[in-house]
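Colleague: Protein chains in written order, with the numbering used here: chain A, 6 to 88; chain B, 508 to 872. Where is the CB? At the ideal position from N, CA and C, for every residue including glycine. None of these values were measured; they are calculated from a predicted model. Below: one structure in structure tokens.
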Amino acid sequence: MKLKVLGTGCPNCKRLFANTQQAVRELGLDVEVEMVDDIQEIMKFKIMATPALVINEQVRFSGRVPSTEEIKRLVQLELGGES
Amino acid sequence: MSKYSTTSHQSGPDSEHSLYETIAPLMRYASIAAILIAILIAWIALYFSLNPISTAVTTRLFHLDLHHRAGNTVQFFLFEAPKVLMLLLLIVFVVGIIRSFFTPARTRQILAGRREAIGSILAAALGMVTPFCSCSAVPLFIGFVESGVPLGVTFTFLIASPMVNEVALVMLFGLMGWRVAAIYAGTGLAIAAVSGWVIGRLHMERFVEPWVYQITVSSEEPEFERILWLDRIDRGKQAVHDIVGRVWPYVLAGIAVGAGIHGYVPENYMAHLMGGSVWWSVPAAVLIGVPMYSNAAGIIPIVQALLEKGASLGTVLAFMMSVIGLSFPETIILRKVLKLPLIITFVSVVAVGIILVGYLFNFLF
């Protein structure tokens with residue numbers, strides 16, 4: 006599984022990054038969360054608001070900072086689909 | 508995808524189970540509605556008893572005289588601080604729900620292909636309700652420009668969005684009444700629409716960084732998530748958590764300073780400095796305000812106190828707009844997609860608009 010947080014370094018982006026790391030830790034996964042802060046790289050995902058969470062190259066949401074719980078559900082959903 | 512929509516996939520073939528499946532969400536909605544109504548009633552009851560409570564606490568608990576400076580200051584703070592915070596909780600929650608209907612992508616769809624005049628007015632209005640933080644300015648700018656939204660209309664949105672926001676309006680309404688809030692919203696939207704129109708007329712497309720036009724954005728917006736009503740309520744709660752959680756210290760600090768000015772600064776003290784008869788007060792207020800970066804929450808209580816002590820409405824309005832509307836971090840971020848001449852034009856056009864509004868109100872009132 007690949008997790009990316011898209012954001013240009015604003016407070017919201019940092020919070021999403023922290024929440025995502027927390028979610029991964031709470032789920033006991035050995036997954037690295039990547040922070041993508043290059044704007045041209047971010048625009049490849051065709052989003053119009055930051056921050057955004059990308060799971061396996063798929064944008065899951067953009068422009069908001071969901072709770073750790075919601076991120077955990079999204080990650081678990083993806084894990085369920087993988088197995 | 509949401510936590511509520513996943514349950515429907517598990518429905519079994521037996522009828523009893525599916526009956527439960529249909530009733531359970533309804534029960535859930537009903538109980539949440541009941542809770543929300545109960546909270547609203549408690550809110551209203553508390554809101555309208557804030558004045559007697561704050562007076563009682565000041566006179567009976569602190570033994571202060573309301574007609575003296577200290578008592579006046581303390582009562583002002585004890586009344587205004589909870590009032591503004593309560594208004595913020597309610598409005599931010601409601602706006603959070605409203606915003607779940609407007610994504611930047613949907614706003615772009617509405618704006619693409621409009622003529623500039625109609626586009627500008629729509630963009631100003633949509634700037635109010637579309638969720639937007641200044642760190643999203645770049646992806647939003649690219650998304651708009653790419654899908655054929657005119658440059659001027661895009662700027663209208665970028666100007667209106669931070670300037671006319673729910674926190675500013677709630678604080679203006681709470682501290683200065685609905686008239687000032689309405690004047691602020693009306694002139695803020697007008698400045699955004701006219702500034703965007705002017706920037707559009709100047710045909711400055713060549714000052715947009717060329718790489719912006721090289722990105723191809725799919726015309727179809729991928730549907731990331733389906734939202735249920737329960738999720739929208741969740742969004743409201745999250746907005747309260749995020750926004751009120753972030754601004755409350757500024758609100759308290761601002762109102763504390765405001766209360767101090769209210770109680771201790773003599774009447775008409777500001778008249779000779781920020782009064783309507785001082786011609787240079789408006790441009791001076793804008794010059795000081797533009798580089799200042801504060802949110803509405805911190806600045807409005809202070810502005811209210813200045814107004815009370817003889818500063819004129821136009822000057823105060825100009826100061827407030829330049830602090831809230833033109834933010835230094837946002838212009839730095841926009842530099843990634845705009846060349847310097849366009850940035851300077853953007854800031855100057857908006858600043859001139861604010862100065863004109865300032866003079867207009869100093870002249871009218």
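(1) Here's the rule: buried if 16 or more other CB atoms are within 10 angstroms of the residue's CB, otherwise exposed. What is Pro56/A?
(2) Measuring straight from C-alpha to C-alpha, what distance separates Ile850/B and Val29/A?
(3) Give me whichever residues DSSP pairs with Met40/A in a beta bridge.
(4) Work out the CA separation of Leu585/B and Leu11/A for me, nearest whole Å.
(5) Count the other CB atoms, across all protein chains shown, that sit within 10 Å of the CB of Tyr757/B; report buried if there are 16 or more and exposed otherwise.
(6) Do the region 702-713 of chain B and the region 651-669 of chain B meet, that is, are 3 or more Cβ pairs less than 8 Å apart?
(7) Just grab the DSSP bridge partners of Gln45/A for me.
(8) Inspect the beta-carbon positions of Gly865/B and Ala792/B and report whether they are closer than 9 Å.
(9) So which of Ala549/B, Ala644/B, Tyr554/B has the shortest CA-CA distance to Pro836/B?
(10) Just grab the DSSP bridge partners of Ile60/A for me.
(11) Using the Cα positions of Ser726/B and Gly650/B, report the straight-line distance between them to the nearest angstrom.
(12) Using a beta-carbon distance below 9 Å, is Ile76/A in contact with chain B?
(13) Counting only Cβ-Cβ distances shorter than 8 Å, please list the residues of the region 608-619 of chain B near chain A, keeping chain order.
(14) From Phe50/A to Ser627/B, what distance separates their C-alpha atoms?
(15) Counting only beta-carbon separations shorter than 9 Å, does Lys846/B have a partner in chain E?
(16) Mind pulling the chain A residues with CB within less than 7 Å of Leu647/B?
(17) Secondary structure at Leu696/B, three-state DSSP: helix, strand or coil?
(18) Given this structure, state the Cα-to-Cα distance separating Leu633/B from Ser668/B, to the nearest angstrom.
(19) Please state whether the Cβ-Cβ distance between Met53/A and Thr610/B is less than 9 Å.
(20) Under three-state DSSP, which class holds Leu820/B?
(21) Can you determine whether any heavy atom of the ligand SAH sits closer than 8 Å to the C-beta of Asp42/A, and answer yes or no?
(22) Would you please verify whether the beta carbon of Gln745/B is less than 9 Å from any beta carbon of chain A?
(23) So, is the C-beta of Met6/A closer than 9 Å to a C-beta in chain B?
(24) Of the choices Gly761/B, Ile831/B, Ala689/B, Phe639/B, whose alpha-carbon is the least far from that of Glu587/B?
(25) Does DSSP classify Ser671/B as helix, strand or coil?
(26) Ile44/A versus chain B: which residues are under 7 Å apart at the beta carbon?
(27) Of all the options Pro808/B, Ile840/B, Leu596/B, which has the alpha carbon lying nearest to the alpha carbon of Cys642/B?
(28) Name, please, each residue of chain A whose Cβ falls closer than 9 Å to the Cβ of Trp736/B.
(29) Considering only the beta carbon of each residue, do Met89/A and Lys77/A sit closer than 9 Å?
(30) Under 9 Å, Cβ to Cβ, is there at least one residue of chain B near Thr13/A?
(31) Kindly say whether Val70/A, judged by its beta-carbon, lies nearer than 9 Å to any beta-carbon of chain B.
(32) Please report whether the beta-carbon of Thr73/A lies at a distance below 9 Å from any beta-carbon of chain B.
(33) Which residues of chain B have a Cβ atom closer than 9 Å to the Cβ of Ile47/A, listed in chain order?
(34) I need the straight-line Cα distance from Gln616/B to Pro657/B, nearest angstrom please.
(35) How many Å lie between Gly796/B and Pro532/B at the Cα?
(36) Where does Leu813/B fall in DSSP's three states?
Modeller: Working from what's here:
(1) buried
(2) 40 Å
(3) Val10/A
(4) Cα atoms of Leu11/A and Leu585/B: separation of roughly 42 Å, rounded to the nearest angstrom.
(5) buried
(6) yes
(7) In DSSP, Gln45/A forms no bridge with anything.
(8) yes
(9) Ala644/B
(10) For Ile60/A, the beta-bridge partners assigned by DSSP are Leu8/A, Gln63/A.
(11) Only weak support exists for where Ser726/B lies, its pLDDT of 48 falling under 50; the coordinates are left without a value.
(12) no
(13) Thr610, Pro611, Ala612, Arg615
(14) 28 Å
(15) Among the protein chains of the structure shown, namely A and B, there is no chain E.
(16) Met53, Ala54
(17) helix
(18) 8 Å
(19) yes
(20) Residue state, collapsed to three classes: helix.
(21) With respect to small molecules bound, the structure shown includes none, and the ligand SAH cannot be examined in it.
(22) Among the CB atoms of chain A, one or more fall inside 9 Å of the CB of Gln745/B.
(23) no
(24) Gly761/B
(25) In the sequence on display, residue 671/B carries Val and not Ser. Reduced to three states, the DSSP call for Val671/B is coil.
(26) Val645, Lys843
(27) For the residues Pro808/B, Ile840/B, Leu596/B, the minimum Cα distance to Cys642/B belongs to Ile840/B.
(28) Chain A residues near Trp736/B: none, gap ~16 Å exceeds 9 Å.
(29) There is simply no residue 89/A to check, as chain A begins at 6 and stops at 88 in what is shown.
(30) yes
(31) yes
(32) no
(33) Val645, Pro646
(34) 13 Å
(35) 50 Å
(36) In the structure shown, Leu813/B adopts helical secondary structure according to DSSP, grouped into three states.
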